[in-house]
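Counting from 1, one number per residue, gives the positions in the first sequence under full-length UniProt numbering. Backbone N, C-alpha and C fix where the C-beta goes; we use that ideal spot for every residue, glycine too. What follows is a single structure, written as structure tokens, with notes after it.
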Amino acid sequence: MLVENPKKQALEIIKRLSVIYPEAKTALNFTTPFEMLVATILSAQSTDKMINKITPALFKKYPGVQAFADASLAELEQDIKSSGFFHNKALNIIGAARAVVSRFGGDVPRNMADMLTLPGVGRKTANVVLHNAFGLVEGIAVDTHVKRLAGRLGLSTNTDPVKIEQDLMALIPRSEWGNFSYYLIDHGRAVCDAKKPRCPECVLNDICPSAFLFIKVK
DNA sequence: ATCCCGAGGG
DNA sequence: CCCTCTGGAT
């Protein structure tokens with residue numbers, strides 16, 4: 001359900017969560033924009049902790065865009081196997097590396113439109129890379145956490161990530177677009193998890209239209 | 001709407 | 001065993 005004043009709701013959420021989660025950035029480890037891109041592609045349907053376990057050896061073995069462009073598919077698949085979806089991810093990483101080399105002079109493009117032409121890169125991945133690698137903001141990254149919390153907190157009634165992103169962009173000041181995803185992601189992992197949200201200890205439980213559904217004993 | 005596809009938790 | 005974890009392409 002949507003709250004009565006979503007804009008006010010969004011601002012209050014930002015106000016409270018920004019205090020608890022001041023970092024507001026990715027938990028993925030990286031040192032270059034292309035490493036950020038690779039880590040983000042790998043993170044699909046996987047945990048950041050799992051990806052951070054893989055990437056140190058991966059980035060040592062493939063130092064730079066050209067190394068990934070020249071990688072053997074079968075070998076890269078084995079290197080990233082534990083992240084899940086390894087065939088598609090390996091294919092996309094090599095494809096993205098080749099595209100960056102051939103079409104963008106070896107540098108990850110710094111805008112949404114160009115990012116979206118890379119294989120395996122959708123709006124979520126593009127938003128994450130633009131924000132974390134370049135400090136640029138063209139939209140709001142909507143992942144599984146943002147999707148779940150935006151719904152529970154009454155900020156959007158949509159289920160399509162693209163529509164949720166549009167809803168959020170209309171509610172939130174542009175200066176907060178980059179940080180907002182991380183407030184919801186951090187809170188989604190720490191308190192408002194998918195299965196058993198811990199509403200009694202949530203700082204938003206008094207303004208959350210879904211809280212009563214989960215608070216059993218009061 | 002469905003496929004890809006592995007690890008970890010309850 | 002089932003669900004979930006920072007999705008994207010067909």
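Quick check on residue i: does DSSP put it in helix, strand or coil?
| i | result |
| --- | --- |
| Ala10 | helix |
| Thr40 | helix |
| Ser210 | coil |
| Phe34 | helix |
| Lys15 | helix |
| Glu201 | helix |
| Val217 | Summary for Val217: the model assigns pLDDT 39, below 50, so the residue's position carries little reliability, and this model does not support an answer. |
For residue i, count the other beta carbons within 10 Å of its own beta carbon; 16 or more makes it buried, fewer makes it exposed. Which is it?
| i | result |
| --- | --- |
| Thr40 | buried |
| Asp167 | buried |
| Lys124 | buried |
| Lys218 | In this predicted model, Lys218 has a pLDDT of only 37, less than 50, meaning its place in the structure is not dependable enough to derive any value. |
| His87 | exposed |
| Val121 | buried |
| Ala170 | exposed |
| Ala67 | exposed |
| Asn5 | exposed |
| Ala190 | exposed |
| Val100 | buried |
| Ser102 | exposed |
| Lys163 | exposed |
| Pro33 | buried |
| Ala113 | exposed |
| Lys81 | exposed |
Query - Those runs of the alpha helix (DSSP H) which lie wholly inside the UniProt domain "HhH-GPD" (42 to 190) and span at least 4 residues - result: 48 to 61, 65 to 69, 73 to 79, 86 to 104, 112 to 115, 123 to 134, 144 to 152, 161 to 171 and 177 to 190
Query raised in the report: Does the count of Cβ pairs from the stretch 103 to 113 and the stretch 143 to 152 closer than 8 Å reach three?
Result: no
Query raised in the report: Are three or more beta carbon pairs between the stretch 184 to 192 and the stretch 136 to 145 nearer than 8 Å?
Result: yes
Requested in this report: May I ask you to verify whether the stretch 69 to 77 touches the stretch 28 to 44, counting CB pairs closer than 8 Å and requiring at least 3?
Outcome: no
Query raised in the report: For the 8 Å Cβ check, are there 3 or more pairs between the stretch 169 to 183 and the stretch 9 to 20?
Result: yes
Query raised in the report: Does the stretch 55 to 75 touch the stretch 22 to 31, meaning 3 or more C-beta pairs lie closer than 8 Å?
Result: yes
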